[in-house]
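The next block holds one structure in the form of structure tokens; read it before the comments.
Printed below as a string of structure tokens:
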């Protein structure tokens with residue numbers, strides 16, 4: 001494909017950018033082209049440590065990356081409060097946008113970003129890596145199978161990890177001026193995305209936050225949860241927290257089948273990942289065992305999920321650049337739906353755990 | 001032990017009594033002694049089909065079982081609405097009581113039953129079989145381990161099964177005059193017991209039912225859920241239903257460890273059962289895998305869990321009979337706490353999903 005590889009610029013030297021830099025190198029359609037930091041030495045060290053080619057550009061500002069006409073796309077792992085400024089600037093400079101989650105502080109901000117991308121014909125994608133693992137596609141097949149899974153009735157999702165004292169004191173995710181959504185925007189983004197994914201991105205009618213969210217002194221959420229309700233009677237709950245041992249579960253239950261996995265965000269290992277299903281499960285005659293038993297499914301992958309993400313993003317950008325294709329609307333749509341749920345959970349907490357209608 | 005084996009009488013020929021009859025036979029401290037049904041031929045057939053010895057008594061009424069002075073203990077699998085009558089009568093006739101769940105329609109009724117047992121020095125136990133599986137004791141060790149599990153922060157439990165059309169039309173569990181608590185009393189009993197067990201039977205401060213419970217035409221619950229809140233910030237949710245594929249999950253998350261199992265009520269197979277734990281889980285350097293990975297634990301058992309239950313019950317009854325021991329209060333206490341939660345969930349549903357205080 002002409003126009004390939006896609007030349008990536010990275011704004012900032014966040015920890016997560018190391019993993020995405022490797023993914024850009026691993027992906028067949030992309031190359032590390034530039035990195036910018038407010039501190040040029042930091043940018044140079046980042047480029048050196050993360051496999052940037054010798055020809056890569058090292059800039060002392062984010063603006064310089066955006067002003068480089070050869071940068072096709074930018075990966076933006078900046079704190080959420082900076083997304084609206086830099087994502088919109090990137091779009092104005094005609095850069096395709098791979099944006100870290102949570103994509104914005106609220107859907108109003110996100111809509112400004114999406115409008116900026118759309119009006120310039122740019123691809124937008126949030127960096128929710130697990131969406132791109134081939135396991136996720138396999139699980140989707142199961143959930144779509146009316147014979148094996150039937151109709152979705154309930155979903156439970158959990159994402160927690162035990163942040164260390166340094167994180168709880170200093171990480172951007174506990175700072176009201178940086179990632180004001182705290183655990184809801186970080187681990188909660190994944191937990192709500194998991195529910196929306198299981199529901200095939202049908203928006204719930206309403207959301208009610210669970211009681212007892214935990215806040216730090218600055219008022220940032222460290223732990224919370226919610227229940228979600230759909231028109232057809234589907235129910236979901238999630239729990240997310242910085243204060244419990246690492247746990248990442250999806251349980252999706254249909255009329256005929258059930259799906260479980262415990263490592264949906266980061267698979268236990270890179271090259272293969274599994275999930276378990278049960279279909280029309282029943283019991284032995286005296287109800288002393290299961291018939292049939294659940295099945296374990298293993299999905300191997302040549303590229304880690306973050307490289308699958310970069311590959312798909314780069315493929316779309318390549319099509320726009322060389323074939324005049326339109327941006328794929330699926331990705332901004334999924335981001336917006338996830339953000340709508342975060343907004344509703346936050347509103348429900350602020351309203352004393354009232355039911356909040358989800359309005360698209 | 002003198003006074004052993006304990007002679008069991010069974011009231012009625014419910015399906016579940018077949019499994020418990022086998023358990024009484026398998027247990028070293030008990031023997032099948034009598035069965036009563038309103039239809040004596042049905043009782044005779046039940047005795048013949050379920051391994052009763054030739055010497056066993058076959059009665060044409062429940063009263064006749066209770067009037068037999070040689071019956072030490074009765075197993076009562078009658079519909080819940082009949083528990084108060086027959087459990088109290090049994091206690092008045094000095095029979096120790098193994099009572100099917102849900103033990104009563106509400107805690108007020110249960111208190112009458114428990115008082116009748118206590119005033120006669122009788123052992124009470126509900127027939128929640130999984131409590132007696134050696135796996136449950138192993139899991140308890142993990143949850144009690146402050147080094148590996150830490151402090152419990154959240155619990156999710158699920159018990160659902162897909163009832164067939166005949167069940168949904170005719171089973172006692174969908175009839176308001178028989179098992180008026182419906183799915184809440186049946187699958188919900190296990191899901192709430194799981195939460196209480198994980199919380200080491202510390203009562204929550206409050207309970208809020210999830211929206212969208214499903215009722216049949218007669219007003220019996222077919223599907224519901226709730227969130228539970230403790231003074232120290234612990235949170236739990238459960239979902240129970242007759243309308244989804246068989247699923248039975250406990251997820252318990254502590255500050256340092258996590259516990260998962262997917263067959264807590266009925267293990268996948270009889271002779272061995274497993275659960276998985278993770279302890280102080282973290283990631284590889286680039287966050288592309290888990291370190292350490294979760295561990296799978298397999299627990300084998302010589303006796304199925306229902307026989308373990310009968311064995312423990314019979315051991316306690318034997319101690320009372322022959323050593324003048326006092327009844328073990330643990331078992332009625334656990335039943336009462338579980339019933340308190342069911343009552344609170346039901347009250348919350350009836351009050352339009354308000355928060356209901358749990359008062360012991």
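Protein chains in written order, with full-length UniProt numbering: chain X, 1 to 360; chain A, 1 to 360. For glycine and all other residues, C-beta sits at the position ideal for the given N, C-alpha and C.
Just the C-alpha distance for residue i and residue j, rounded to the nearest angstrom, thanks.
i: residue 328 of chain A; j: residue 269 of chain A; result: 30 Å
i: residue 274 of chain X; j: residue 277 of chain A; result: 17 Å
i: residue 287 of chain A; j: residue 265 of chain X; result: 10 Å
i: residue 347 of chain X; j: residue 220 of chain X; result: 14 Å
i: residue 24 of chain A; j: residue 13 of chain A; result: 15 Å
i: residue 181 of chain X; j: residue 331 of chain A; result: 45 Å
i: residue 254 of chain X; j: residue 202 of chain X; result: 15 Å
i: residue 85 of chain X; j: residue 106 of chain X; result: 14 Å
i: residue 82 of chain X; j: residue 178 of chain X; result: 7 Å
i: residue 168 of chain A; j: residue 333 of chain A; result: 32 Å
i: residue 260 of chain X; j: residue 260 of chain A; result: 11 Å
i: residue 314 of chain A; j: residue 176 of chain X; result: 60 Å
Run through DSSP, which three-state label would residue i get?
i: residue 230 of chain A; result: coil
i: residue 45 of chain X; result: helix
i: residue 251 of chain X; result: strand
i: residue 33 of chain X; result: strand
i: residue 136 of chain X; result: helix
i: residue 192 of chain A; result: helix
i: residue 117 of chain X; result: helix
i: residue 328 of chain A; result: coil
i: residue 156 of chain A; result: strand
i: residue 282 of chain A; result: strand
i: residue 277 of chain A; result: strand
i: residue 272 of chain X; result: strand
i: residue 301 of chain A; result: coil
i: residue 242 of chain A; result: coil
i: residue 296 of chain X; result: strand
i: residue 260 of chain A; result: strand
i: residue 71 of chain A; result: coil
i: residue 354 of chain X; result: coil
i: residue 222 of chain X; result: strand
i: residue 182 of chain A; result: helix
i: residue 317 of chain A; result: helix
i: residue 349 of chain A; result: helix
i: residue 6 of chain X; result: strand
i: residue 341 of chain X; result: helix
i: residue 359 of chain X; result: coil
i: residue 93 of chain A; result: coil
i: residue 288 of chain A; result: coil
i: residue 206 of chain A; result: strand
i: residue 57 of chain A; result: strand
If I measure Cβ to Cβ from residue i and keep anything under 7 Å in the same chain, skipping five residues before and after, which residues do I get?
i: residue 132 of chain X; result: 305, 308, 309, 312
i: residue 61 of chain A; result: 36, 38
i: residue 71 of chain A; result: 7, 9, 33, 34, 65, 95
i: residue 344 of chain A; result: 207, 356, 358
i: residue 231 of chain A; result: 205
i: residue 68 of chain A; result: 9, 34, 57
i: residue 320 of chain A; result: 121, 123, 327
Leaving out five residues on either side along the sequence, give the residues of the same chain with a beta carbon under 6 Å from the beta carbon of residue i.
i: residue 299 of chain X; result: 134, 135, 138, 273
i: residue 224 of chain A; result: 184, 213
i: residue 190 of chain X; result: 159, 265
i: residue 52 of chain A; result: 32
i: residue 5 of chain A; result: 29, 30, 31
i: residue 236 of chain X; result: 155, 195, 228
i: residue 126 of chain X; result: 99, 101, 103, 335
Since residue i and residue j are thought to touch, with beta carbons under 8 Å apart, how far apart are those beta carbons, to the nearest angstrom?
i: residue 160 of chain X; j: residue 241 of chain X; result: 4 Å
i: residue 152 of chain A; j: residue 76 of chain A; result: With a Cβ gap of about 33 Å, residue 152 of chain A and residue 76 of chain A do not count as contacting.
i: residue 89 of chain X; j: residue 73 of chain X; result: Not a contact, Cβ separation roughly 14 Å.
i: residue 256 of chain A; j: residue 279 of chain A; result: 6 Å
i: residue 382 of chain X; j: residue 243 of chain A; result: The requested residue 382 of chain X does not occur in the structure, where chain X is confined to residues 1 to 360.
i: residue 123 of chain A; j: residue 317 of chain A; result: 5 Å
i: residue 262 of chain A; j: residue 248 of chain A; result: 7 Å
Give the DSSP bridge partners of residue i, in chain order.
i: residue 174 of chain X; result: In DSSP, residue 174 of chain X forms no bridge with anything.
i: residue 16 of chain X; result: The partner list for residue 16 of chain X (beta bridge, DSSP) is empty, contrary to what the question assumes.
i: residue 126 of chain X; result: X:99
i: residue 310 of chain X; result: None; residue 310 of chain X has no bridge partner.
i: residue 237 of chain X; result: X:156, X:227
What residues in its chain sit with their C-beta under 8 Å from that of residue i, if we drop five residues either side in the sequence?
i: residue 110 of chain X; result: 103, 104, 335, 336, 339
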